[in-house]
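If you read the sequence shown in my numbering, its first letter stands for residue -16, the second for the next number, and so on. Cβ atoms here follow ideal geometry from the backbone N, Cα and C, with glycine treated the same way.
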Amino acid sequence: MLRGFFKKLGAVFSGKQIDEDLWLELEEAMVLSDISITTAEQVIGELKAMVEKRQCRDTEEVREFLKYELIRILGVEPARLTTRGEYPLTWIVMGVNGTGKTTTVGKLAHWLKQRGFRPLLVAADTFRAAAMEQLQEWGDRAGVPVLTHQMNADPAAVCFDAWQSAKSRGFDIVVVDTAGRLHTKSNLMEELRKIFRVVERAQGRPPDECLLVLDGSTGQNGLQQAESFLKAVPVSGVIVTKLDGTAKGGIVITIRDRHQIPIKMIGTGEKIDDIEEFDPRRFVDGIFEDDE
-16 MLRGFFKKLG AVFSGKQIDE DLWLELEEAM VLSDISITTA EQVIGELKAM VEKRQCRDTE
44 EVREFLKYEL IRILGVEPAR LTTRGEYPLT WIVMGVNGTG KTTTVGKLAH WLKQRGFRPL
104 LVAADTFRAA AMEQLQEWGD RAGVPVLTHQ MNADPAAVCF DAWQSAKSRG FDIVVVDTAG
164 RLHTKSNLME ELRKIFRVVE RAQGRPPDEC LLVLDGSTGQ NGLQQAESFL KAVPVSGVIV
224 TKLDGTAKGG IVITIRDRHQ IPIKMIGTGE KIDDIEEFDP RRFVDGIFED DE
């Protein structure tokens, strides 16, 4: 699944000496893999310190140090989605247009149902009929009900009604598909804040998850998106889509390093079950698969 990521990263260590050329080549490979320069320089600094401390002479050891450092950044253990607590829980799913957000909501519904939960999907993008229709299609595929309102209804009011409905009907998790928004549009970000406040008022606590969907192939633009959404609401986790072998994937490392937001799920294809929990160790192992 992760084969092909960071191909140049593993190749850097092939038949090389530990010298300044190695560090420069490694930094270049990281940046080309969509890791930010700041994060790349930090990682190189840690590697140099480790090499000096242990008097390393073998690039294989440096390679292992790099794997260790990347796992440290990403978190040693997987960050799980919140599925237990006082039901119904509420997950708000957000992101810019084109990230695969609504598709991800449909996959999450299927993922939850497969694990014995009763999810309710909520179409909070009330300004586009196509968005509601797309979510309904995913709900039908997953066998999960979808709550919709009339066009142009207040998205926050829709979320309030959805939570009340879920509570009375015995659903476990309300998954809200918000409008795809440009991270530069302040009015849409204010709408997101309102949804957050209304859900908090309805259930007596903040939303249990505020999940940001990012396209794994967007590169450093993904970092800008994350920073904009963080200013609006407390993002609890990231779902990275389109990690099917074409994306470089380095933005995963940069976002975790810069903002300490855990990567909770990844999308790996177009089928309804092409979503899985993000495992840092497996991801890092996948980076070096091609050269082992």
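Task: Counted within 10 angstroms of its Cβ, other Cβ atoms place Glu3 as buried (16 or more) or exposed - done: The residue you call residue 3 lines up with position 20 of the sequence shown. Glu3 comes out exposed.
- [ ] Classify Val88 as buried or exposed, calling it buried when 16 or more other Cβ atoms lie within 10 Å of its own Cβ.
- [x] For this step, residue 88 is matched to residue 105 along the sequence shown. Classification for Val88: buried.
- [ ] Using only alpha-carbon positions, find the residue among Gln25, Ala106 and Ile238 that is nearest to Gln203.
- [x] Along the sequence shown, read from residue 1 onward, the residue named residue 203 stands at position 220. Comparing Cα-Cα distances from Gln203 to each of Gln25, Ala106 and Ile238, the minimum goes to Ile238.
Task: Limits of the beta strand (DSSP E) - the one that Gly232 falls within - done: Numbered from 1 along the sequence shown, position 249 holds the residue referred to as residue 232. No beta strand (DSSP E) contains Gly232, which DSSP labels as neither H nor E.
- [ ] Taking all protein chains shown into account, decide if Asp17 is buried (16 or more other Cβ within 10 angstroms of its Cβ) or exposed.
- [x] Position 34 of the sequence shown, counted from the start, is the residue given in the question as residue 17. Its Cβ being crowded by 16 or more others within 10 Å, Asp17 is buried.
TODO: In angstroms with no decimal places, state the Cα-to-Cα distance between Trp94 and Ile258.
DONE: Numbered from 1 along the sequence shown, position 111 holds the residue referred to as residue 94. Numbered from 1 along the sequence shown, position 275 holds the residue referred to as residue 258. About 8 Å.
Task: Where the alpha helix (DSSP H) through Val26 begins and ends - done: Position 43 of the sequence shown, counted from the first residue, corresponds to residue 26. Note, Val26: alpha helix (DSSP H), Ile20 to Arg37.
Open item on the list: Can you list, in chain order, the residues of its chain with a C-beta nearer than 8 Å to that of Glu183? Leave out the 5 residues immediately preceding and following it.
Closed with: For this step, residue 183 is matched to residue 200 along the sequence shown. Taken in chain order, the residues that qualify are Pro189 and Pro190.
Open item on the list: Suppose contacts are defined by Cβ-Cβ distances below 9 Å. Is Leu53 in contact with Glu260 by that definition?
Closed with: As a working note, residue 53 is residue 70 in the sequence shown. As a working note, residue 260 is residue 277 in the sequence shown. Not closer than 9 Å, so no.
- [ ] State buried or exposed for Lys214, treating a residue as buried only when at least 16 other CB atoms are found within 10 Å of its CB.
- [x] Here residue 214 corresponds to residue number 231 of the sequence shown, with the count starting at 1. So Lys214 ends up on the exposed side.
- [ ] Output the boundary residues of the alpha helix (DSSP H) element that contains Ala62.
- [x] Here residue 62 is taken as the residue at index 79 of the sequence shown, counted from 1. No alpha helix (DSSP H) contains Ala62, which DSSP labels as neither H nor E.
TODO: Specify, as a first and last residue, the run of the beta strand (DSSP E) that Val14 falls within.
DONE: Here residue 14 refers to the residue found at position 31 when the sequence shown is read from its first residue. Looking at the DSSP string, Val14 is not in any beta strand (DSSP E); the run it does join, the alpha helix (DSSP H), is Glu3 to Leu15.
Open item on the list: Restricting to Cα atoms, I'd like to know which of Trp121, Ala92, Val157 and Gly252 is closest to Gly199.
Closed with: Here the question's residue 199 lines up with position 216 in the sequence shown. For Gly199, the nearest C-alpha among the options comes from Gly252.
TODO: Let me know the secondary structure DSSP gives Val216 once reduced to three states.
DONE: Here residue 216 is taken as the residue at index 233 of the sequence shown, counted from 1. Residue state, collapsed to three classes: coil.
Open item on the list: Check this for me: beta carbons of Leu195 and Gly122, under 9 Å apart or not?
Closed with: The residue given as residue 195 occupies position 212 in the sequence shown. The residue given as residue 122 occupies position 139 in the sequence shown. For Leu195 and Gly122, no; Cβs fall outside 9 Å.
TODO: Report yes or no: do three or more beta-carbon pairs, one from the region 19 to 34 and one from the region 42 to 53, lie closer than 8 Å?
DONE: yes
Open item on the list: Using the Cβ count rule (16 or more neighbours within 10 Å means buried), how would you classify Glu192?
Closed with: One-based indexing of the sequence shown puts residue 192 at position 209. Its Cβ being crowded by 16 or more others within 10 Å, Glu192 is buried.
Open item on the list: So Lys177 and Ala139 are supposed to be a Cβ contact under 8 Å. How far apart are they, rounded?
Closed with: Start at 1 with the first residue of the sequence shown, and residue 177 comes out as number 194. Start at 1 with the first residue of the sequence shown, and residue 139 comes out as number 156. Yes, Lys177 and Ala139 are in contact; Cβ-Cβ is about 4 Å, under 8 Å.
- [ ] Counting only runs of 4+ residues fully inside the region 110 to 160, write out the alpha helix (DSSP H) ranges in chain order.
- [x] 112 to 125 and 138 to 152
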